[in-house]
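Numbering (this note's numbering), first residue to last: -1 to 311. Below you'll find the structure, written out as structure tokens, and then a few comments.
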């Protein structure tokens, strides 16, 4: 597995595994085997969150199961990197120190390498967020931070405030990015930060919850900005056809499309079966050898061109 030297502010694997609706949908022994295989295959970064507030008030056990499976697999803490989540749904009523203490206790760790500061309903207090993040970094609870689906104006405020105050700025953005959803990541607002090297991109929701692969998921999946999901469902046949032309699976094609975009430092996806992981691993070689061809072949499937590029709705 290739490593990204600049990564998300630290050296990490090109692929990473998420926790939402994954570990809690698996047989525990299967999860143990999958995690061990992922590590042995070079996947070192795991995005693990406590889903307990806002739209994610699910009280899921997925983070607890992740920690238990890591220990059962005999995986040492220095063998993997952890990316946690800090939610803004109830912030500042539930502060970052409290969220981290709960999350780390559930996983069974003392710190993370990175955190993503997540979505919000109302415009957040940017100076307070940057200052509190800086304090948690100072205390050694994580090293770098990123933002998740922030409006571009709020990201600009965070970068400007951090620069003026000499505080750690966000190093990456975790955004929906895929064959069909490109406007926010490739638009002028986030794109300017990627081009200047201020941020890198962590691509998430790359399969649209499986819809892009022709599946009809029964589980909860991510939001649908722009209301384009039915168009994505229709596009699945085209993705499968192009994958056939390349002699690869649709999932490999979709992942390679993301990996071949220069600002992408890491691609985040979820799997609940070993066969899915084994298949997805092939995307790294495909992106390296034929990435530009893959992107050119799928150019006509950019479906969210009408969605606001600054993250507003």
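Backbone N, C-alpha and C define an ideal beta-carbon position, used for all residues, glycine too. Since the model is a prediction, treat every value here as computed from it, not as a measurement.
How long is the line joining the alpha carbons of residue i and residue j, rounded to whole angstroms?
i	j	result
residue 28	residue 77	19 Å
residue 81	residue 114	7 Å
residue 130	residue 97	12 Å
residue 280	residue 258	13 Å
residue 165	residue 128	7 Å
residue 84	residue 94	6 Å
residue 74	residue 22	22 Å
residue 64	residue 301	34 Å
residue 255	residue 296	8 Å
residue 87	residue 244	43 Å
residue 0	residue 261	15 Å
residue 234	residue 175	16 Å
residue 68	residue 304	42 Å
residue 92	residue 228	37 Å
residue 132	residue 49	23 Å
residue 59	residue 24	12 Å
residue 265	residue 162	31 Å
residue 183	residue 202	11 Å
residue 178	residue 104	35 Å
residue 26	residue 71	11 Å
residue 134	residue 200	22 Å
residue 306	residue 151	13 Å
residue 293	residue 180	12 Å
By alpha-carbon positions, which one of the options ends up nearest to residue i?
i	options	result
residue 299	288, 311, 149, 240	240
residue 9	272, 169, 301	169
residue 155	121, 142, 66	121
residue 144	221, 157, 171, 123	171
residue 275	116, 34, 108	34
residue 308	157, 236, 185	185
residue 55	222, 224, 66, 18	18
residue 61	101, 182, 187	101
residue 52	79, 117, 90	117
residue 268	5, 6, 36, 20	20
residue 272	311, 32, 278	32
residue 79	99, 7, 125, 205	7
residue 210	198, 224, 289, 237	237
residue 277	36, 5, 30	36
residue 142	242, 231, 198, 212	198
residue 90	242, 123, 66	123
Secondary structure at residue i, three-state DSSP: helix, strand or coil?
i	result
residue 267	strand
residue 100	helix
residue 244	helix
residue 57	coil
residue 302	coil
residue 251	helix
residue 16	strand
residue 44	strand
residue 257	helix
residue 290	helix
residue 67	helix
residue 32	helix
residue 161	helix
residue 116	coil
residue 9	coil
residue 52	helix
residue 111	coil
residue 62	helix
residue 279	coil
residue 284	helix
Original post:
Curious, which full-length beta strand (DSSP E) runs of at least 3 residues does the segment 123 to 152 contain?
Top reply: If we require 3 residues or more, the beta strand (DSSP E) runs fully inside the segment 123 to 152 come out as 142 to 146.
Original post:
Taking contact to mean at least 3 C-beta pairs separated by less than 8 Å, is the segment 243 to 258 in contact with the segment 281 to 295?
Top reply: Judged by Cβ distances under 8 Å, the segment 243 to 258 makes contact with the segment 281 to 295, as three or more pairs qualify.
Subject >> Entirely enclosed beta strand (DSSP E) segments - the segment 163 to 229, minimum 3 residues >> reply: Entirely contained in the segment 163 to 229, the beta strand (DSSP E) runs reaching 3 residues are, in chain order, 170 to 174, 198 to 202.
**OP:** Determine, using beta-carbon pairs with one atom in the segment 7 to 15 and one in the segment 38 to 52, whether at least three such pairs fall under 8 Å.
**Re:** The segment 7 to 15, when compared against the segment 38 to 52, does touch it at the 8 Å Cβ threshold.
**OP:** Tell me, please, whether the segment 181 to 195 touches the segment 207 to 222 by the rule of three or more beta-carbon pairs shorter than 8 Å.
**Re:** Verdict: no, contact absent.
**OP:** Please confirm if the segment 98 to 112 is in contact with the segment 132 to 140, defined as three or more CB-CB distances below 8 Å between the two stretches.
**Re:** Yes, they touch.
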